[in-house]
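Have a look at the structure below before the remarks.
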Amino acid sequence: MRIKIKVLALVALCAIHYSTVAQQLSPAAQEVRKEIWGTLDTDFSATVAPEKWSKESAVILGRSFRFEYGLKRGLREIYKRIYLRERVKLIDKAAVEEYSEFKFKQIDKTWGEKLYFGIKVVKADGTEKIIPLSESVKMQTQQGSNTSYYQKLAIPDLVPGDIIDYYIFSKQLLSTTTTSSLPSRTIPLMSTYPIVRQKIILAIDPYIYLNARAYNNAPDFLYDEDEDLYTLRDGNREKLEEPQWFYESRSVPTLKFQVFFKENAFTGEKGKPSFAIKKANVLKFASQFPVKDKTVTNFYKQFRSYLKARKKQKLSNEEKIKEAYYFFRHQYQIKTLEKILIFQNLDMKQLKLEKDFINIMGYVLTKYNIDYDIVVAVSRKIASLDDWIVPEDLSILLKVNGKKPHFLQNPVFYDFYGEIRPELQGVNGYVVSANRTPKTIRKIQLPILDHQYHSSFTRSEVWMNKDFNTWKIKQTVSLKGGTREGYQTFLNDPYVMIKESTLKYGKKGSSNHKANEVVKQGLTEKRKTTFKTLLKNEFDAPILSLEQLKVLENGIWDSQPILKYESEFVLGGLAKKIGPNYIFEAGKLIRKQVDLKTLNQKRTFDIYMFHARSYKNEIIIHLPAGFKVQGLGKLKKQMENETGGFVSSAKVDGQILTIQTYKYYTHNYEPLKQWGNMKAFLEVAYQFTQQKLLLKKE
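Sequential numbering from 929 applies to the sequence shown in the working numbering.
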């Protein structure tokens, strides 16, 4: 749950029944209002924002969350109560406009079935006006065939200097027979506007398990023994301005917690918060693997039949494990995709979770006498291993031991054998022995691949038309490692993947069924549309047309790890006529770079990137007859340091101008102190895109 100051974002998390919004306050709603607004709370008495924030659009004078969880009626029912209150000082007209209209959207029900809401405006002279909820208006939006409704409430006569004071309260009863836990909640302690003071209160009864952690330099909880409450108090937070290369959960002071009603491997003592997941918890969790069940044994039988049918029984045990991995991907990923596309049917039982992958592949490894370990880690986008507190955030891998140890993850369509996804590369994890007794546990660091592995190589050939107003470009792009991500999802034809995988690991499919021609054509058109949008975003020049788009290699096999495609398109706006000559903006052919406005913004957070990476360009420009090029020295640049670099060159051979560039980011993370070094080579890369050549008439 990301909390922002906009009430639109806050209330969008709540389920608001329209009849409740429109009616007058019920006795229960009156009681809630009296409890929240009628109880003195010094955190909500301020009327003036600190002078240092006088030029901000708005300031949060006070913010409070309270979460209550427990059991009742003979431990058969779960009660859940959530309170939120905010007091916001509007300073300029933009904030007034922001808060002049509230929209209550019915998106999810994580807050509860019964919800109570109140809003009042506090004027500069201290007078208060409660806004009647009965004045809200029902609105409708349409997205395709889906119709959604929401309530809109206008807040009239707002002016700078006003204070908005509102609350949300929800309650819900759940059954212990159907509910073992609640969704986790994440509350950043920074928001769109500065925060003067805030508090978060957790109240649990003796029958509840709670995992909670405040991290990224957030203050710790304090326990009030008399009230039996855990309270986190915080304040004096600047507004959050999200820079490029930023993971909020790794940078912003944050609280994350989850409530459980049944014990599991990661819970602590009943009735008391657990503020850390320990080695003992991980060991207890990993000790359940592998589980031998019908799914496991059926897979092994099918795999052995596959080996026999394909005459692969004599493969080495190590080679059989690789075959088992791809057979697993085919059975549970590719075939699921096939059913969705061809038969318009999704069988949820066909999908396999990480636990299923560990059980199945662990069993196969044991059968072939290959030693392995179980690894538990957390995505670097979510938290460090030490700050991990919510079990659902874990990732489970297999570490296959031997002469060349490697790691295996539950594959998706585009994963191949032995490759760790970028979000887990270089993170710390726990490794637990699988086939040894007693089981042992220790910390390890997962392998991290460098910028030469995560690489992009683009070869472009460029021709100008006779009027110099359009430029035909033919590109061949090779993407390896993490640079494939994002491109594979729309470039790869799923029917080709299905056919390719079926030829290797299954029976002949039905991917050419006539009933799917409409779907195929739709996917083709969507692919072209998406690629055109990509080109428009990447080039600082008009995209006039897309002539061709073709995938040469899909990059889904370890023997063929590169996603390779070629395209032909036409650009405009790269040349300007000056008398008989032309000014040619050659630097734009390497695509957009991080601009100076972004680079010159004040940065206060460390730099988190998806992965180390490199981008190589080779641009071959066919110069028109009768012209020679001047100004090549502008395209020769070099700036390298420990964070990365940008190097470029240019040369002419006859009527062929060849430009080469190489930009690389050495690491997937840089501390804030290295931002100056990063800016150094990024500025050079940007300046390259601004360089122009003179095409001089001979």
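A virtual CB, placed ideally from N, CA and C, is assigned to each residue, including glycine. Computed from a predicted structure; not experimentally measured.
Query: Straight-line Cα distance separating Val1065 from Gly990; Result: 29 Å
Query: Beta-carbon contacts of Lys1371 that lie in its chain and below 8 Å, excluding the five residues immediately before and after; Result: Leu1313, Asn1356, Gly1357, Tyr1358, Val1359
Query: Val1024 - containing beta strand (DSSP E), residue span; Result: Here Val1024 belongs to no beta strand (DSSP E); instead the alpha helix (DSSP H) covers 1021 to 1027.
Query: For Thr1386, the first and last residue of its enclosing beta strand (DSSP E); Result: 1383 to 1392
Query: Ordered list of alpha helix (DSSP H) runs contained in the stretch 1545 to 1620, each at least 4 residues; Result: 1603 to 1617
Query: Beta-bridge partners of Ile1115, as assigned by DSSP; Result: Leu1183
Query: Within 8 Å, strictly: CB atoms of Ile1286 and Phe1256; Result: no
Query: Contact the stretch 1232 to 1241 vs the stretch 1261 to 1270: 3+ CB pairs below 8 Å; Result: no
Query: Nearest candidate by alpha-carbon position, reference Ile1549, set Tyr1536, Lys1565, Gln1558, Ile1584; Result: Ile1584
Query: Beta-carbon proximity list for Val1612, same chain, < 6 Å, skipping 5 on both sides; Result: Lys1565, Met1567, Phe1574
Query: Residues near Lys1327 by beta carbon distance below 7 Å, same chain, minus five either side; Result: Tyr1300, Asp1301, Val1303, Pro1333, Phe1335, Val1359
Query: Which residues DSSP lists as bridging Asp1090, in chain order; Result: Asp1090 pairs with nothing; no bridge assigned.
Query: Same chain only: Cβ atoms within 7 Å of Thr1055, ignoring 5 sequence neighbours per side; Result: none
Query: Rounded distance between the beta-carbons of Phe1217 and Ala1362, thought under 8 Å; Result: 7 Å
Query: Val1390 versus Asp1581 - alpha carbon distance; Result: 15 Å
Query: Beta-carbon proximity of Tyr1135 to Leu1003, cut-off 8 Å; Result: yes
Query: Within 8 Å, strictly: CB atoms of Leu1160 and Pro1171; Result: no
Query: Proximal residues to Leu1517 (C-beta, below 6 Å), its chain only, five neighbours per side dropped; Result: Ile1547
Query: Entirely enclosed beta strand (DSSP E) segments - the stretch 948 to 1016, minimum 3 residues; Result: 986 to 1000
Query: Cα-Cα separation, Leu1623 to Leu1407; Result: 33 Å
Query: Exposure label - Ser973; buried when at least 16 CB within 10 Å; Result: exposed
Query: Best match in Gln1380, Ile1317, Gln1416, Gly1500 for proximity to Lys1394 [C-alpha to C-alpha]; Result: Gly1500
Query: Any chain D beta carbon closer than 8 Å to Tyr1543; Result: Absence of chain D from the displayed structure is noted, only one protein chain being present.
Query: Stretch pair the stretch 1120 to 1137 + the stretch 1180 to 1194: three plus CB contacts closer than 8 Å; Result: yes
Query: Val1628 burial status per 10 Å Cβ neighbour count (16 or more: buried); Result: Coverage of the chain is limited to positions 929 through 1626, which leaves residue 1628 absent and any answer about it impossible.
Query: Start and end residues, alpha helix (DSSP H) containing Thr1225; Result: 1222 to 1237
Query: Nearest residue (CA-CA) to Ser1108, options Pro1122, Thr1195, Ser1098, Pro1060; Result: Thr1195
Query: Residues sharing a beta bridge with Lys1478, DSSP; Result: Glu1494
Query: Nearest residue (CA-CA) to Glu1169, options Glu1282, Pro1122, Ile1324; Result: Pro1122
Query: Separation of Ala1140 from Arg1125, as counted between CA atoms; Result: 21 Å
Query: Proximity of Tyr1291 and Asp1486 at Cβ, strictly below 8 Å; Result: no
Query: Exposure of Ser1439, with buried meaning 16 or more beta-carbon neighbours within 10 Å; Result: With a pLDDT of 47 at Ser1439, under the threshold of 50, the predicted position of this residue should be treated as unreliable, though the coordinate-derived value follows. With 16 or more Cβ atoms within 10 Å of its Cβ, Ser1439 is classed as buried.
Query: Where the alpha helix (DSSP H) through Ser889 begins and ends; Result: This structure cannot speak to residue 889, because the chain is shown only from 929 to 1626.
Query: C-beta contact flag for Glu996 and Ser1103 at 8 Å; Result: no
Query: Buried or exposed by the 16-neighbour rule on C-beta atoms within 10 Å, applied to Asn1420; Result: buried
Query: Exposed unless 16 or more other CB atoms sit within 10 angstroms - verdict on Ala956; Result: exposed
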